[in-house]
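Protein chains in written order, with the UniProt record's numbering: chain S, 1 to 284; chain F, 1 to 284; chain R, 1 to 284; chain U, 1 to 284. Data first, discussion second: the structure below is written as structure tokens.
Protein chains: 4
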Amino acid sequence: MTNPTATLLISCPDQRGLVAKIANFIYANGGNIIHADQHTDFAAGLFLTRIEWQLNGFNLPRELIAPAFNAIAQPLNAKWEIRFSDTVPRIAIWVSRQDHCLFDLIWRQRAKEFIAEIPLVISNHPNLKVVAEQFNIDYQYLPITKDNKLEQEAKQLELLQNYKIDLVVLAKYMQIVSGDFIAKFPQIINIHHSFLPAFVGANPYHRAFERGVKIIGATAHYATADLDAGPIIEQDVVRVSHRDEVEDLVRKGKDLERVVLARAVRLHLQNRVLVYGNRTVVFE
Amino acid sequence: MTNPTATLLISCPDQRGLVAKIANFIYANGGNIIHADQHTDFAAGLFLTRIEWQLNGFNLPRELIAPAFNAIAQPLNAKWEIRFSDTVPRIAIWVSRQDHCLFDLIWRQRAKEFIAEIPLVISNHPNLKVVAEQFNIDYQYLPITKDNKLEQEAKQLELLQNYKIDLVVLAKYMQIVSGDFIAKFPQIINIHHSFLPAFVGANPYHRAFERGVKIIGATAHYATADLDAGPIIEQDVVRVSHRDEVEDLVRKGKDLERVVLARAVRLHLQNRVLVYGNRTVVFE
Amino acid sequence: MTNPTATLLISCPDQRGLVAKIANFIYANGGNIIHADQHTDFAAGLFLTRIEWQLNGFNLPRELIAPAFNAIAQPLNAKWEIRFSDTVPRIAIWVSRQDHCLFDLIWRQRAKEFIAEIPLVISNHPNLKVVAEQFNIDYQYLPITKDNKLEQEAKQLELLQNYKIDLVVLAKYMQIVSGDFIAKFPQIINIHHSFLPAFVGANPYHRAFERGVKIIGATAHYATADLDAGPIIEQDVVRVSHRDEVEDLVRKGKDLERVVLARAVRLHLQNRVLVYGNRTVVFE
Amino acid sequence: MTNPTATLLISCPDQRGLVAKIANFIYANGGNIIHADQHTDFAAGLFLTRIEWQLNGFNLPRELIAPAFNAIAQPLNAKWEIRFSDTVPRIAIWVSRQDHCLFDLIWRQRAKEFIAEIPLVISNHPNLKVVAEQFNIDYQYLPITKDNKLEQEAKQLELLQNYKIDLVVLAKYMQIVSGDFIAKFPQIINIHHSFLPAFVGANPYHRAFERGVKIIGATAHYATADLDAGPIIEQDVVRVSHRDEVEDLVRKGKDLERVVLARAVRLHLQNRVLVYGNRTVVFE
Numbered sequence: 001m002t003n004p005t006a007t008l009l010i011s012c013p014d015q016r017g018l019v020a021k022i023a024n025f026i027y028a029n030g031g032n033i034i035h036a037d038q039h040t041d042f043a044a045g046l047f048l049t050r051i052e053w054q055l056n057g058f059n060l061p062r063e064l065i066a067p068a069f070n071a072i073a074q075p076l077n078a079k080w081e082i083r084f085s086d087t088v089p090r091i092a093i094w095v096s097r098q099d100h101c102l103f104d105l106i107w108r109q110r111a112k113e114f115i116a117e118i119p120l121v122i123s124n125h126p127n128l129k130v131v132a133e134q135f136n137i138d139y140q141y142l143p144i145t146k147d148n149k150l151e152q153e154a155k156q157l158e159l160l161q162n163y164k165i166d167l168v169v170l171a172k173y174m175q176i177v178s179g180d181f182i183a184k185f186p187q188i189i190n191i192h193h194s195f196l197p198a199f200v201g202a203n204p205y206h207r208a209f210e211r212g213v214k215i216i217g218a219t220a221h222y223a224t225a226d227l228d229a230g231p232i233i234e235q236d237v238v239r240v241s242h243r244d245e246v247e248d249l250v251r252k253g254k255d256l257e258r259v260v261l262a263r264a265v266r267l268h269l270q271n272r273v274l275v276y277g278n279r280t281v282v283f284e
Numbered sequence: 001m002t003n004p005t006a007t008l009l010i011s012c013p014d015q016r017g018l019v020a021k022i023a024n025f026i027y028a029n030g031g032n033i034i035h036a037d038q039h040t041d042f043a044a045g046l047f048l049t050r051i052e053w054q055l056n057g058f059n060l061p062r063e064l065i066a067p068a069f070n071a072i073a074q075p076l077n078a079k080w081e082i083r084f085s086d087t088v089p090r091i092a093i094w095v096s097r098q099d100h101c102l103f104d105l106i107w108r109q110r111a112k113e114f115i116a117e118i119p120l121v122i123s124n125h126p127n128l129k130v131v132a133e134q135f136n137i138d139y140q141y142l143p144i145t146k147d148n149k150l151e152q153e154a155k156q157l158e159l160l161q162n163y164k165i166d167l168v169v170l171a172k173y174m175q176i177v178s179g180d181f182i183a184k185f186p187q188i189i190n191i192h193h194s195f196l197p198a199f200v201g202a203n204p205y206h207r208a209f210e211r212g213v214k215i216i217g218a219t220a221h222y223a224t225a226d227l228d229a230g231p232i233i234e235q236d237v238v239r240v241s242h243r244d245e246v247e248d249l250v251r252k253g254k255d256l257e258r259v260v261l262a263r264a265v266r267l268h269l270q271n272r273v274l275v276y277g278n279r280t281v282v283f284e
Numbered sequence: 001m002t003n004p005t006a007t008l009l010i011s012c013p014d015q016r017g018l019v020a021k022i023a024n025f026i027y028a029n030g031g032n033i034i035h036a037d038q039h040t041d042f043a044a045g046l047f048l049t050r051i052e053w054q055l056n057g058f059n060l061p062r063e064l065i066a067p068a069f070n071a072i073a074q075p076l077n078a079k080w081e082i083r084f085s086d087t088v089p090r091i092a093i094w095v096s097r098q099d100h101c102l103f104d105l106i107w108r109q110r111a112k113e114f115i116a117e118i119p120l121v122i123s124n125h126p127n128l129k130v131v132a133e134q135f136n137i138d139y140q141y142l143p144i145t146k147d148n149k150l151e152q153e154a155k156q157l158e159l160l161q162n163y164k165i166d167l168v169v170l171a172k173y174m175q176i177v178s179g180d181f182i183a184k185f186p187q188i189i190n191i192h193h194s195f196l197p198a199f200v201g202a203n204p205y206h207r208a209f210e211r212g213v214k215i216i217g218a219t220a221h222y223a224t225a226d227l228d229a230g231p232i233i234e235q236d237v238v239r240v241s242h243r244d245e246v247e248d249l250v251r252k253g254k255d256l257e258r259v260v261l262a263r264a265v266r267l268h269l270q271n272r273v274l275v276y277g278n279r280t281v282v283f284e
Numbered sequence: 001m002t003n004p005t006a007t008l009l010i011s012c013p014d015q016r017g018l019v020a021k022i023a024n025f026i027y028a029n030g031g032n033i034i035h036a037d038q039h040t041d042f043a044a045g046l047f048l049t050r051i052e053w054q055l056n057g058f059n060l061p062r063e064l065i066a067p068a069f070n071a072i073a074q075p076l077n078a079k080w081e082i083r084f085s086d087t088v089p090r091i092a093i094w095v096s097r098q099d100h101c102l103f104d105l106i107w108r109q110r111a112k113e114f115i116a117e118i119p120l121v122i123s124n125h126p127n128l129k130v131v132a133e134q135f136n137i138d139y140q141y142l143p144i145t146k147d148n149k150l151e152q153e154a155k156q157l158e159l160l161q162n163y164k165i166d167l168v169v170l171a172k173y174m175q176i177v178s179g180d181f182i183a184k185f186p187q188i189i190n191i192h193h194s195f196l197p198a199f200v201g202a203n204p205y206h207r208a209f210e211r212g213v214k215i216i217g218a219t220a221h222y223a224t225a226d227l228d229a230g231p232i233i234e235q236d237v238v239r240v241s242h243r244d245e246v247e248d249l250v251r252k253g254k255d256l257e258r259v260v261l262a263r264a265v266r267l268h269l270q271n272r273v274l275v276y277g278n279r280t281v282v283f284e
């Protein structure tokens, strides 16, 4: 579908006429809605929606859509954002020593499973430089110690600005990102190698093995100051048995990690994820 | 949620303004939409939607909703139906000798997993009469032979009319229902004990065993004249191995059959299934 | 298979010749092995095996098998037990107010999915008496309060002895069984309505909803003094989304609970579960 | 585990004493069994087993193991093969235009998920040469037309011999390999992009879309003269919905294909797959 589209993500207090008002705005300006999805959280009294329409034939010029919609959104007390499908987001992938998620995300981007640019890889280890170079991606090696963390986070932030990064993907980056950093750059997706909230923190596969679970999982979530506690975007699981050693859990887990992380990144880039409180609505 | 709702299921040729027109109709009459979901089949040029709103505070009396909406639907060339959540549908369950789906459906209805009455069980065998009686459901034993099939189908149809049945559930009814019968009473959900279109027809578990598959499945679909070829509502699968004999496949399959059939019945009763061509849209 | 079998479950320090010694014992006495499975836990230096052979044609009379095998087992420092397939175990099902696991276990026992007798249901509520009576099972109502727990556990223990119970199944029994009780009667399988170790303790579905997980699970495990921490026998999961309210999680969870509990009970009754440390080997 | 092992795969008519005889052979020569698994197909009267033991401390020199075991196997009428874990098998990967399985297999081999060499890629298209070269693997471009097929298969066979290939992996090779070729080189694993036996033949995703299935799958099997009918090694599935276009099925299917094919290749290389009739026993 080369026809560019606009997507509105809206959340506001539930009330009569919301669907009508939003749909009328698009119809009145000649837009053709191709996807519309909504959800009502009755307990929270919250209405959440995602509407996507074709820009061809839409009478409002792009730069006027936001101000025009704002006139509708403000009386509804709505939080909202608009995205255009032909604006290509820029991703920085952060890794440590493991390469499976890095390879996978690059392969998917090359295969156009999602539309984004990947101009930058940041790592606290030097060894994946060769992978980044293989695909002509800049690689910034920023080792982290107890003493230099603050300083390195300042450099990381500067890199994100210089490279005009929209999204950071922690693709098995085995360092804790500070709450301070996240406050400054909140668009961060992390993959945790367990079925959260089981095995929060370090060495989940070892602990899964010790607990003798029969299923392991992986969880992609937005990073928050509270470690492994951010809004969950996607999870998946795989069956294990007593025959699986820790190294088998690691191997099986890698297949989960790359698929779960890739799905979460794709959903995010297609503007299908709406966060409220510590939860996500995923408009699939 | 004891507040009764109305649900519109609509399919029509895709065009601008559909969401706006339908949402306006409900808003103009004071309705509060609680669920709205849509799908566009671009290849077929078809727009499909399900909209549910609360009847409390809706200004149109029930009997006027259909004619009023028809005035909107006709120029759009729309096929549509309306259902009210407090109209309790009546189900006839058809069985042969196996009781697992029968027990399961009755248990779920008692547990209010779906809202329906089950006044009638029809069978070509006498042995499940005791189950029906245990739950105070009428049991009609109509044995089928090559010679009496036409005659018995006439009786079955009469029973459905007498009992004011809205939906027939073939809960492991091991007889072929004629195309003629289905033409007269098309609201029939069947459970087939394979992952269709694999193993159409008789003895799917035996054939799955012979083929050496590593996963087996079950499929719930609307019955059509073409055996096991009707629109699929729901499917699920379970892993098997060389250790599983045919009888293990049958046992594992039963767990699938009852869950898949129950999900399909529930989705149908909640007016979440829209059939077009030989496909379904399931608005979950 | 009406031919009765004997099953040995053995664990011992790993060493050369174990398979040969055990297989020779059976072969020398004319036994025909129909299933043999083994597992080595290299970290623990432990060899675990399950061997099942036909008793027809076996030259040792039943009462001599245990002493004869003991002569082999003792020098190997082995822990072992022997079971005969035609010894029918007796189960007490413990419930509170929910009936889905109770119904399901009774149905499976009637359908011969596992071979056992169910002579007794114990509950801290009176309301499922009608279900037990429907299937001619004795129902003992033993309400639990803070003050009478010790006293009631004494009665429960007495009932288990009087009814010659081999296995207690906690089929959504919403009371904590004391460590003291478990020490006296350790053969207890519990179903926990979460994907352990996530959501240990009370109200797992509410907490899963609050955490915004995308998958929920159920866990069958042996009861231990440490709540929800016993050796896991079986787990399974189902996908949920933002559309699922807590009540949907409960409904979907029930389907998991009954299947996971039934699988665990069946595996236990077929002597396929070997516990060591806090882990299980499940010889499927 | 750097300690090399020997693995026996045996199938023979079921009879008393098989486990004892085989275990005694290994024990008598000082071997330490680390894995033993067996299966009896009662219908076929067939006993199948896989036994793996450490070579360190085994008294028979490697070249004498086969003749020595043959003396035991012949009276049992057994088919058997022996493999040594430190003999590194050589794989040729055959591809057409899609690169996902090729990338994935190479990545897994580099990550040591299985132990093998990949010296050769054969393709009927030139475009993946760049991938092979990236990893220093020879790439042979052999375009296939109606007229040159026989000739090209002769060249393919010659290449397999020159490169001393043990296993061919058809990693989305979209050409039919002739029965004649397979007769000459039977060690071929294929990935079919459907849940066989559903959608045998061409364009399974298009046909799955048309049929409106709710789950799609992938199947890894040994190639046989009868297309898509060979013994199944591994299958897996993923859920789809009406929202998924054919291109989404293709995308989701790719994730299945690479995981299912990789699992099958790994199981084969670890000598865990025993074929009999058109079925496999997979000793996991």
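We treat Cβ as the ideally placed atom computed from N, Cα and C, and that holds for glycine. As the structure is a computational prediction, the values presented were derived from the model and not from experiment.
Status (buried if at least 16 other CB within 10 Å, exposed otherwise) for S/Met1: Confidence in S/Met1 is poor, its pLDDT being 48 and thus under 50, which makes the residue's placement unreliable; the coordinate value appears in the next sentence. The residue in question, S/Met1, is exposed, as its Cβ has fewer than 16 Cβ neighbours within 10 Å.
Taking Cβ to Cβ, would you say S/Ile22 is nearer than 8 Å to S/Gln54? no
Cβ neighbours of S/Phe170 in the same chain (closer than 8 Å, five flanking residues each side left out): Residue 170 of chain S is actually Leu in this sequence, not Phe. The residues are Trp94, Val177, Ile188, Ile189, Asn190, Ile191, Ala223.
Give the DSSP-derived three-state secondary structure of R/His35 in the structure shown. strand
Just checking: is the beta-carbon of R/Gln38 within a distance shorter than 8 Å of some beta-carbon in chain U? yes
From which residue to which residue does the alpha helix (DSSP H) around S/Gly253 run? 246-269
Look at the alpha carbon of S/Leu18 and the alpha carbon of S/Glu284, and state the distance between them as a whole number of angstroms. 21 Å
Which chain U residues are close to F/Val281, counting only those with a beta carbon under 7 Å from its beta carbon? His242
Beta-carbon separation of S/Glu81 and S/Leu9 under 8 Å? yes
If you draw a straight line from the C-alpha of R/Leu267 to the C-alpha of F/Glu113, how long is it? 29 Å
Would you identify the three-state DSSP class for F/Asn70, choosing helix, strand or coil? helix
Bridge partner(s) assigned by DSSP for U/Lys79: U/Ser11
CA-to-CA distance, U/Thr280 to U/Leu46, given in whole angstroms: 13 Å
Less than 8 Å between CB atoms is the rule here; does R/Val19 satisfy it with respect to chain U? yes
If you draw a straight line from the alpha carbon of S/Asn32 to that of F/Phe42, how long is it in whole angstroms? 12 Å
Within 8 Å, strictly: CB atoms of F/Pro89 and F/Leu157: no
Pairwise C-alpha distance: U/Arg83 and S/Val275: 54 Å
Exposure label - F/His193; buried when at least 16 CB within 10 Å: buried
Find the nearest neighbour of S/Asn278 within the set R/Ala229, R/Phe209, R/Arg263, judged by alpha-carbon distance. R/Phe209
For chain R, find out if any of its Cβ atoms is closer than 8 Å to the Cβ of U/Tyr27; answer yes or no. yes
How about R/Val213 and S/Ile232: do their beta carbons lie closer than 8 Å? yes
Please compile the residues from chain S whose C-beta is within a distance smaller than 8 Å of the C-beta of R/Gln235. Val213, Lys214, Ile215
Residue-chain proximity (R/Ile82, chain S), Cβ-Cβ < 8 Å: no
Round the Cβ separation of S/Val237 and S/Ile215 to the nearest angstrom and send it over; I've been treating them as touching at under 8 Å. 5 Å
Any chain S beta carbon closer than 8 Å to F/Arg16: yes
Measure from the C-beta of S/Val273 to each C-beta in chain F and report whether the shortest distance is under 8 Å. no
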